[in-house]
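**Student:** Below you will find the structure I want to go over with you.
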Amino acid sequence: MGPAALRTAGLVPLLESLGLDVTDYGDVGIADMTDLSDDPPAKAKHYRQIQRWSRVLARRSHELAHTGAIPVFLGGDHSLSMGSVNGVARHCRDVGQELFVLWLDAHADYNTPETTITANMHGMSAAFLCGEPGLDGLLGGDVRATIPTEHLELFGIRSIDKAEKELLRMRRISVADMRAIDEFGVGVLTRRILDKVRARNGVLHVSFDVDFLDPEVAPGVGTTVPGGATYREAHLIMELLHDSGLVRSVDIVELNPFLDERGKTARVAVELIGSLFGQQITDRPTPTNAIVPDL
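Here the numbering used here is used: position 74 in the sequence shown is 188, and no number is missing along the way.
Rendered as structure tokens:
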């Protein structure tokens, strides 16, 4: 019901009001996708169902990225990114461009079936994108396009499992936790990421888990963690991302309307996506150093 809540909160009309040409392709289905015959990992809940979704989304994502549009994937579970980012990464590889992923989340999501405590696959999404072992058969015979670990930027993190933390340390993954945000501010840290992407002539996929926000701002999630980003911090991040011209694809995930308070979280998420696509209070010229990549 997460995508339906975002539509009800006015996502499409808002984007259209910004002068964008928006096509809503509706909900993706998996009825025509048959199960594969690989052996599911011992610790990966709902593996077969997520496998079917990942294959469909990876193919659809690849198709949409090739059109030159900016795909926006609406979902519930963050395992959606196993498909969405894979398709975009394939496209970037096709055109010879480097893809970076900004992971806005309370959780690192860098577990594997070997390190996980819960066996929840949404906690393995980022690790899958970087080619960690354990879910090697998830896409079947389809191409698995991974990103280098140095292209993953974890941002707003405040909950990491013990074995997951060790794996992040071994892989030297960039983590801007809430301590770093408190010390340096979201503006400095976001610009640092954008400078890194721009220096490589890369593009950016933004994977936005609404539990990145503080539960006071966004209560409609199943895995709330206190001490998250404020409403204003989140808007500044989105505004800076828009100014950069580097964002080429987006996920919006983990919204659970059954846990929301009269649509509060859905409305906040839509407002943030509005900022990501150019909504602002006063007219400001786009910074001259922003680069819009030609795909």
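C-beta: ideal position from N, C-alpha, C; glycine also.
(1) Going by beta carbon distance, what residues of the same chain come within less than 7 Å of valine 406, once the five residues before and after it are set aside?
(2) Excluding five sequence neighbours on each side, which residues of the same chain lie with their C-beta closer than 7 Å to the C-beta of proline 154?
(3) Based on the DSSP secondary-structure assignment, which residues constitute the bridge partners of valine 320?
(4) Between Ala277, Asp328, Lys157 and Glu385, which lies nearest to alanine 222 when the distance is taken from Cα to Cα?
(5) So, valine 361 versus leucine 390, is the Cβ gap smaller than 9 Å?
(6) At the level of alpha carbons, what is the spacing between histidine 180 and aspartate 365?
(7) For valine 300, which residues in the same chain have their Cβ closer than 6 Å to its Cβ, ignoring the five residues on either side in sequence?
(8) Please report the distance separating the alpha-carbon of glutamate 267 from that of valine 289.
(9) Glutamate 375 and aspartate 323 look like a contact to me (Cβ under 8 Å); what is the Cβ gap, rounded to whole Å?
(10) May I have the straight-line CA-CA distance separating methionine 196 from aspartate 219, to the nearest angstrom?
(11) Tell me whether aspartate 256 sits in a helix, a strand or coil according to DSSP, three-state version.
(12) If distances are taken between C-alpha atoms only, which option among Ile164, Ile271, Lys279 and Thr232 comes closest to isoleucine 144?
(13) Label methionine 115 either buried or exposed according to how many other C-beta atoms from any shown protein chain fall within 10 Å of its C-beta, with 16 as the threshold for buried.
(14) Checking 9 Å against the spacing of the C-beta atoms, do aspartate 296 and glycine 270 come in under that value?
(15) Could you tell me the alpha carbon to alpha carbon distance between glutamine 394 and glutamate 353, rounded to whole angstroms?
(16) So is alanine 156 buried or exposed if we call it buried at 16+ other beta carbons inside 10 Å?
(17) Can you tell me which residues form a DSSP beta bridge with glutamate 267?
(18) Can you pull the DSSP bridge partners for alanine 343?
(19) Where does serine 151 fall in DSSP's three states?
(20) Counting C-beta neighbours from all protein chains within 10 Å, is the total for isoleucine 274 16 or more, i.e. buried, or is it exposed?
(21) Can the beta-carbon of leucine 216 be found closer than 9 Å to that of alanine 383?
(22) Would you list, in sequence order, the uninterrupted beta strand (DSSP E) runs of no fewer than 3 residues that lie entirely inside the segment 190-248?
(23) With distance defined between alpha-carbon atoms, name the residue in Pro185, Leu188, Ser198 and Ala158 nearest to arginine 106.
(24) Taking one C-beta from the segment 254-267 and one from the segment 203-217 each time, how about it: are there three or more such pairs within less than 8 Å?
(25) For methionine 238 versus glycine 254, is the C-beta spacing smaller than 9 Å?
(26) Excluding the five sequence neighbours on either side, which residues of its own chain have a C-beta within less than 6 Å of the C-beta of glycine 336, listed in chain order?
(27) Pull the bridge partners of histidine 372 from the DSSP assignment, please.
(28) If you draw a straight line from the C-alpha of glutamine 211 to the C-alpha of leucine 243, how long is it?
**Tutor:** By the coordinates alone:
(1) On the sequence shown, residue 406 is found 292 positions in, with the first residue counted as 1. Note that valine 406 scores 38 on pLDDT, short of 50, meaning its location in the model is unreliable and no value can be drawn from it.
(2) The residue given as residue 154 occupies position 40 in the sequence shown. So the qualifying residues of the chain are Tyr161 and Arg162.
(3) Numbered from 1 along the sequence shown, position 206 holds the residue referred to as residue 320. Leu216 and Val364, per the DSSP bridge assignment.
(4) For this step, residue 222 is matched to residue 108 along the sequence shown. Nearest neighbour of alanine 222 by Cα position, chosen from Ala277, Asp328, Lys157 and Glu385, turns out to be Ala277.
(5) Start at 1 with the first residue of the sequence shown, and residue 361 comes out as number 247. Start at 1 with the first residue of the sequence shown, and residue 390 comes out as number 276. In this structure, leucine 390 lies closer than 9 Å to valine 361 by Cβ.
(6) Position 66 of the sequence shown holds residue 180. Position 251 of the sequence shown holds residue 365. Cα-Cα distance, rounded: 17 Å.
(7) Reading the sequence shown from its first residue, position 186 is the one you call residue 300. Non-local C-beta neighbours of valine 300 in its own chain, meaning closer than 6 Å and more than five positions away in sequence, comprise Glu347, Leu350 and Ile351, ordered along the chain.
(8) Your numbering for residue 267 matches position 153 in the sequence shown. Your numbering for residue 289 matches position 175 in the sequence shown. Taking C-alpha positions only, glutamate 267 is separated from valine 289 by approximately 6 Å.
(9) By 1-based counting over the sequence shown, the position of residue 375 is 261. By 1-based counting over the sequence shown, the position of residue 323 is 209. Not confirmed; about 18 Å, so no contact.
(10) Residue 196 sits at position 82 when you count from the first residue of the sequence shown. Residue 219 sits at position 105 when you count from the first residue of the sequence shown. Approximately 15 Å between the Cα atoms of the pair.
(11) Reading the sequence shown from its first residue, position 142 is the one you call residue 256. When DSSP states are grouped into helix, strand and coil, aspartate 256 belongs to the coil group.
(12) Numbered from 1 along the sequence shown, position 30 holds the residue referred to as residue 144. Selected option, being the one with the closest Cα: Ile164.
(13) In the sequence shown, counting from the first residue as 1, residue 115 sits at position 1. Flag for methionine 115 reads exposed.
(14) Taking the sequence shown and counting its residues from 1, the one referred to as residue 296 is at position 182. Taking the sequence shown and counting its residues from 1, the one referred to as residue 270 is at position 156. No, the Cβ-Cβ distance between aspartate 296 and glycine 270 is not below 9 Å.
(15) Indexing the sequence shown from 1 puts residue 394 at position 280. Indexing the sequence shown from 1 puts residue 353 at position 239. Their Cα atoms are separated by approximately 8 Å.
(16) Here residue 156 is taken as the residue at index 42 of the sequence shown, counted from 1. Exposed: under 16 other Cβ atoms inside 10 Å.
(17) Against the sequence shown, residue 267 aligns to sequence position 153. DSSP lists Leu216 and Ser288 as partners of glutamate 267.
(18) Position 229 of the sequence shown, counted from the first residue, corresponds to residue 343. The partner list for alanine 343 (beta bridge, DSSP) reads Leu327.
(19) Taking the sequence shown and counting its residues from 1, one reaches residue 151 at position 37. Coil at serine 151, not helix or strand.
(20) Locating residue 274 in the sequence shown gives position 160, where the first residue counts as 1. By the 10 Å Cβ count, isoleucine 274 comes out buried.
(21) Mapped onto the sequence shown, residue 216 falls at position 102. Mapped onto the sequence shown, residue 383 falls at position 269. Taking the C-beta atoms as reference points, alanine 383 is found no nearer than 9 Å to leucine 216.
(22) Taken in chain order, the complete beta strand (DSSP E) segments of 3 or more residues contained in the segment 190-248 are 213-218.
(23) Any question about residue 106 goes unanswered here, given that the chain covers just 115 to 409.
(24) Taking a cut-off of 8 Å on C-beta distances, the segment 254-267 touches the segment 203-217, as three or more cross pairs fall below it.
(25) Within the sequence shown, numbered from 1, the residue matching residue 238 stands at position 124. Within the sequence shown, numbered from 1, the residue matching residue 254 stands at position 140. No; because the gap between Cβ atoms is not below 9 Å, this pair is not in contact.
(26) By 1-based counting over the sequence shown, the position of residue 336 is 222. A distance below 6 Å between beta-carbons, with the five flanking residues on each side excluded, links glycine 336 to the following residues of its chain, in chain order: Asn370.
(27) The count along the sequence shown starts at 1 and reaches residue 372 at position 258. Reading off the sequence shown, one finds phenylalanine at residue 372, where the question assumed histidine. Paired residues: none, contrary to the question.
(28) Walking along the sequence shown from the start, residue 211 turns up at place 97. Walking along the sequence shown from the start, residue 243 turns up at place 129. Per the coordinates, the alpha-carbon of glutamine 211 lies some 16 Å from the alpha-carbon of leucine 243.
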